[in-house]
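The next block holds one structure in the form of structure tokens; read it before the comments.
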Amino acid sequence: MYLSAGETAKAAEMYLSAGETARAAEIMAENGWVEMLVDVGRKADKADHQTLSLCAQHLRQLKARTYAIELYRLIYFIKEDGCVAVRSRALRRG
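With the UniProt record's numbering applied, the sequence shown closes on residue 94, and no number is skipped along the way.
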């Protein structure tokens, strides 16, 4: 069954609303919707490394490297913040 671009965009939005971010991101990537992928990545919970990584991977494949780097940096900074928090707790204990 063939869907129009508008219907496909609505399907992606429905998947997002239902919490099926991975499927929505797949639809967006298949259609080359860089702006939508960036929006999903920026709105994602910053602790949700899976969603951030998936959006960044799709953006990289779509040659939107600047946006992909933005999301990869978020993942890196969050991991670094976690390491700093763990280190500071260990220092306070010890």
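Even for Gly, the Cβ is constructed at its ideal location relative to N, Cα and C.
C-alpha of C55 to C-alpha of S4: approximately 23 Å in a straight line. DSSP places G41 inside the alpha helix (DSSP H), whose first and last residues are V34 to K43.
In the structure shown, the three-state DSSP call for A18 is coil.
For the 8 Å CB-CB criterion, A24 and A9 do not form a contact.
When the beta-carbon positions are compared, L59 and L74 stay at least 8 Å from each other.
A distance below 8 Å separates the beta carbons of A64 and V34.
The C-beta distance from A29 to Q50 rounds to 15 Å, too long to meet the 8 Å contact threshold.
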